[in-house]
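Here the structure comes first, spelled out in structure tokens, and everything after it is commentary.
2 protein chains.
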Amino acid sequence: MSTAYSALADLLGPRFTQSQSDRDLHGRSEGHFPLMPPDAVVYPETTEEVASIVRICAEAGLPVIGWGTGTSLEGHSIAPRGGVTVDFTRMDKVLEVLPEDMVAVVQPGVTREALNTELRATGLFFPVDPGANASLGGMASTRASGTTAVRYGTMRGNVLGLEVVLADGRVIRTGTRAPKSSTGYDLTALFVGSEGTLGLITEVTLKLHGQPEAVSAAVCAFSDMEGAVGAVIATIQSGIPMARIEFVDAAAAAAFNAQAQAGWADAPHLMVEFHGSEAGVAEQAERFGEIARDFGAEDFRWASLAEDRNRLWAMRHNSYRAMLAAYPDTAPITTDICVPISRLAEAVEATAADIADSGIPGPIVGHVGDGNFHALLLPKAGDAVEWEKAQKLAARMAERALKLGGTVSGEHGIGLGKVKYMEAEHGHGWQVMAAVKAALDPENIMNPGKLLPGN
Amino acid sequence: MSTAYSALADLLGPRFTQSQSDRDLHGRSEGHFPLMPPDAVVYPETTEEVASIVRICAEAGLPVIGWGTGTSLEGHSIAPRGGVTVDFTRMDKVLEVLPEDMVAVVQPGVTREALNTELRATGLFFPVDPGANASLGGMASTRASGTTAVRYGTMRGNVLGLEVVLADGRVIRTGTRAPKSSTGYDLTALFVGSEGTLGLITEVTLKLHGQPEAVSAAVCAFSDMEGAVGAVIATIQSGIPMARIEFVDAAAAAAFNAQAQAGWADAPHLMVEFHGSEAGVAEQAERFGEIARDFGAEDFRWASLAEDRNRLWAMRHNSYRAMLAAYPDTAPITTDICVPISRLAEAVEATAADIADSGIPGPIVGHVGDGNFHALLLPKAGDAVEWEKAQKLAARMAERALKLGGTVSGEHGIGLGKVKYMEAEHGHGWQVMAAVKAALDPENIMNPGKLLPGN
């Protein structure tokens, strides 16, 4: 092992470190997991360096964990078995922008905001928006989505190709720059969402979209949750091409008020955005307004200026912190179920009732246009009884999602936190995943302990 | 082996056959391959029967080949090593339509036209349209696309989940009915496009789309190929949401005239379709018309009535037969390259010049909004010199596609015919595919000889 560390130090010089602070930094996550530091952290600058790092680790049998911005929520990037964390911060170049093909090629450490800043003058943008300013390599690895997936899809549909360093150090390219292909197994889709357990993504080819000519956003309040959720379902079923449609329950609205002086009623809200031509946006907004009013919406606030919209979405993106601030001294447990839109009302209402019964705070927000929502369960810090109760609430949410034809994770992924649900969701399917894992990483060095039971 | 056949006969009664006519029928394809019949054909009616069939074949080491409608073009469903062909004709039920979720669940033998007939009253439709009235199981297996992919995507984006019988007879379900999920490897995407080499698809959950309020189609002629292709590129880059945009060269137009009394000029044409609201369609059509006229389009013919549009697209769908009829006594070789839209003009023009130089007929049609086009190479039947020349033309097209950042197959797949290009397109990637294949089908009984070199 010390031979491996010497080899890494020789390869990378000061970009190899075993300092306690660096190890601790890469042992923490935004989730509720205890500190699990790696034994070393490396900062490669090229694909060749990543391949050499993986070869050195493979020889020594050391775990290899990828790190983007550390904003994932299920402990994807921490190191339960030690090993070497590969931090992609220094691989942060936009390699190519091809406006005619609406394609960008980026290194994995480029964040979505950095890419969109670089794209500003092209008339194009990259829409997938998980809230955090995550790295695009990390977003591909976790199959991220977020507020705009209802219109533009998730990382599944917006990654055209990848460069990947395999567990033995070989480098492959998946996909092409053509819009479609049918030449064999879809390796791009296999690696998107594989959470670093099959290889490390060293380059991402992304699909770009045209910046909409016009954008308009709005917030409206509802007297009850049923009204808000009913309006979402009716809106989606009406075919209005919503760019965003976000649900915020009364507790979350109160947290926004406290944190961002939102001045909202303490009531369920919908936050919506429309993209299109001037006329198209106006038509969409009018149709949405009619539906929402039918379900009791009031107190409409429109935001057409970019700065007003930015303030609005910043509030939504900061909701996790706002809710933590509203409930200090709690130990947060994130949840992330996703159900067919026809079962959304049932899923949200049963979840809210279950949370109310428990006496544990659990504000709910969600990308409800996709049937996806999050309750942030907030048991008191250090209270084992509440912690246990909250874990049971989360487990019941997962079971409910599966019973309704949905999934235990719409967008956060499996990481460490949801391995326990893999068999319930996939049946024998997880064994197929395990067979693929064993075929591509027989020594189990790529992000061990994550995604698969027994991994 | 005879034990296996007895077991299959016991299981299926008259739905097991070794008749010469049935074997020959399943040994033929629409491609240029010689007769390669299986040793037996079975007609299961349930997933359980399919699982039993696979278990029996696995025990005897017999090849298992899936069969939908036999309309694939690269010999996917013929039997180079004999074995048992599983014909899904009797698994042709639409199991569920969930209009609120815009989802349908079908058995693999349901054809796209049968599904759309069943959906007519729901206001929904399934858009993927490869021309042939293919089975949805076959379309999923080959990752099919066709004329509408430019707007609605390919099978990659329109399959939500699958039921699959694995090589050892286990049955798995992939995906859920929720619009998105991030729970582990994307097995749905792994099986879509796997051409029956990893398992047999026994159920498909499909994404449906709203029938457009208004539809309008048009054809226009160009004085030269450069104008037609230039108009396509400008149209796509302008962001007009084309539902279809098809290129037809002068030779193909002449074949349409001969076959369908199209009355077109013997000149390159574009065939287009617009979907949307009445106002939206009118606006799209006007914007397209301006662009096309800038590139020299003339002789616009509009088709707003459903029957006129149907006649138009029937002509496009029958183009393969029309071209064969126009060039009798030829041995057709289909091609299917796809390139980034910025390289489309270069790809089409170099291909056309190469074909003209060869003296071999090669009419070109294409789903050019995706950068995808087909030259149908037509060497004289029985002329070994012309056949060799045409094979070289096809190989140069494939090389050109790769050089331009594209793919050797946009939608037809690999089957038997394109195995030779897998290494050139995927580098080490095909070894990753081979490792996945070996993990899921270690005895190589699932459609052997297809998709992978050495398989």
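The listed protein sequences derive, respectively, from chains D and U. Residue numbering for the first sequence follows my numbering, beginning at 1066 and increasing consecutively. Residue numbering for the second sequence follows my numbering, beginning at 1066 and increasing consecutively. Every residue, glycine too, gets a C-beta built ideally from N, C-alpha and C. The structure presented is a predicted model; accordingly, all values stated were derived computationally and were not measured.
DSSP state of residue i mapped onto helix, strand, coil
i                      : result
residue 1098 (chain D) : coil
residue 1182 (chain D) : helix
residue 1443 (chain D) : coil
residue 1289 (chain D) : coil
residue 1146 (chain D) : coil
residue 1483 (chain D) : coil
residue 1516 (chain D) : coil
residue 1332 (chain U) : coil
residue 1091 (chain D) : coil
residue 1177 (chain U) : helix
residue 1231 (chain D) : strand
residue 1317 (chain U) : helix
residue 1488 (chain D) : helix
residue 1155 (chain D) : helix
residue 1298 (chain D) : helix
residue 1187 (chain U) : helix
residue 1388 (chain U) : helix
Nearest-angstrom Cβ-Cβ length linking residue i and residue j, presumed shorter than 8 Å
i                      : j                      : result
residue 1435 (chain D) : residue 1272 (chain U) : Wrong, their Cβ atoms sit about 13 Å apart, outside the cutoff.
residue 1283 (chain D) : residue 1360 (chain D) : So it is not a contact: roughly 14 Å between Cβ atoms.
residue 1253 (chain U) : residue 1240 (chain U) : 4 Å
residue 1196 (chain D) : residue 1439 (chain D) : With 8 Å as the limit, residue 1196 (chain D) and residue 1439 (chain D) do not qualify as a contact, their Cβ atoms being about 10 Å apart.
residue 1149 (chain U) : residue 1129 (chain U) : 6 Å
residue 1305 (chain U) : residue 1406 (chain U) : Rounded, the Cβ-Cβ distance is 13 Å, inconsistent with contact.
Straight-line Cα distance separating residue j from residue i
i                      : j                      : result
residue 1178 (chain U) : residue 1103 (chain U) : 28 Å
residue 1372 (chain D) : residue 1310 (chain D) : 19 Å
residue 1154 (chain D) : residue 1231 (chain U) : 41 Å
residue 1270 (chain U) : residue 1322 (chain D) : 42 Å
residue 1145 (chain D) : residue 1125 (chain D) : 17 Å
residue 1225 (chain D) : residue 1515 (chain D) : 25 Å
residue 1185 (chain D) : residue 1392 (chain D) : 38 Å
residue 1415 (chain U) : residue 1464 (chain U) : 12 Å
residue 1236 (chain D) : residue 1114 (chain U) : 42 Å
residue 1097 (chain D) : residue 1089 (chain D) : 15 Å
residue 1084 (chain U) : residue 1319 (chain U) : 42 Å
residue 1187 (chain U) : residue 1180 (chain U) : 11 Å
residue 1101 (chain U) : residue 1212 (chain U) : 30 Å
residue 1330 (chain D) : residue 1380 (chain D) : 15 Å
residue 1348 (chain D) : residue 1227 (chain D) : 39 Å
Proximity test, Cβ basis, 8 Å: residue i and chain B
i                      : result
residue 1138 (chain U) : Of the protein chains in the structure, D and U, none is chain B.
Endpoints, beta strand (DSSP E) assigned at residue i
i                      : result
residue 1454 (chain U) : Element bounds for residue 1454 (chain U): not the beta strand (DSSP E) but the alpha helix (DSSP H), 1449-1468.
residue 1438 (chain D) : 1437-1440
residue 1222 (chain U) : Premise fails: residue 1222 (chain U) lies in the alpha helix (DSSP H), 1220-1223, not in any beta strand (DSSP E).
residue 1141 (chain U) : No beta strand (DSSP E) contains residue 1141 (chain U), which DSSP labels as neither H nor E.
residue 1558 (chain U) : Not covered by the structure: residue 1558 (chain U). The range shown for chain U is 1066 to 1520.
residue 1404 (chain D) : From DSSP, residue 1404 (chain D) is part of no beta strand (DSSP E); its letter is neither H nor E.
residue 1431 (chain D) : 1429-1432
residue 1267 (chain U) : 1264-1272
residue 1169 (chain U) : 1168-1171
Run of the alpha helix (DSSP H) containing residue i, from where it starts to where it stops
i                      : result
residue 1129 (chain D) : Segment 1129-1132 is the beta strand (DSSP E) holding residue 1129 (chain D); no alpha helix (DSSP H) there.
residue 1354 (chain U) : 1343-1359
residue 1417 (chain D) : 1409-1423
residue 1382 (chain D) : 1371-1382
residue 1495 (chain U) : 1494-1505
residue 1073 (chain U) : 1067-1077
residue 1191 (chain U) : Segment: none, residue 1191 (chain U) is in no alpha helix (DSSP H) and carries neither H nor E.
residue 1112 (chain U) : 1112-1125
residue 1215 (chain D) : 1214-1217
residue 1256 (chain D) : 1252-1256
residue 1205 (chain D) : 1201-1206
Heavy atom of the ligand NAD within 7 Å of residue i beta-carbon
i                      : result
residue 1092 (chain D) : Within the structure as shown, the ligand NAD is missing, as the structure has no ligands at all.
Exercise. Counting Cβ pairs, one atom from each stretch, are 3 or more of them under 8 Å apart for the stretch 1241-1260 of chain D and the stretch 1475-1482 of chain U?
Worked result: With the cut-off at 8 Å, the stretch 1241-1260 of chain D and the stretch 1475-1482 of chain U touch.
For this session: Assess, as a yes-or-no matter, whether the stretch 1255-1264 of chain U is touched by the stretch 1284-1294 of chain U under the definition of 3 or more beta carbon pairs within less than 8 Å.
Result: No: the two stretches stay apart, fewer than three of their Cβ pairs being nearer than 8 Å.
Exercise. Can you find at least 3 beta carbon pairs, one from the stretch 1193-1206 of chain U and one from the stretch 1398-1407 of chain D, that sit closer than 8 Å?
Worked result: In short, these stretches do not touch, since the Cβ pair count stays below three.
Exercise. Do the stretch 1453-1467 of chain D and the stretch 1403-1414 of chain D make contact, defined as three or more Cβ pairs closer than 8 Å?
Worked result: The answer is yes - the stretch 1403-1414 of chain D touches the stretch 1453-1467 of chain D, with three or more Cβ pairs under 8 Å.
Problem set entry | Given 8 Å, three or more beta-carbon pairs between the stretch 1500-1508 of chain U and the stretch 1418-1428 of chain U | Below 8 Å, too few C-beta pairs join the stretch 1500-1508 of chain U and the stretch 1418-1428 of chain U to call them touching: fewer than three.
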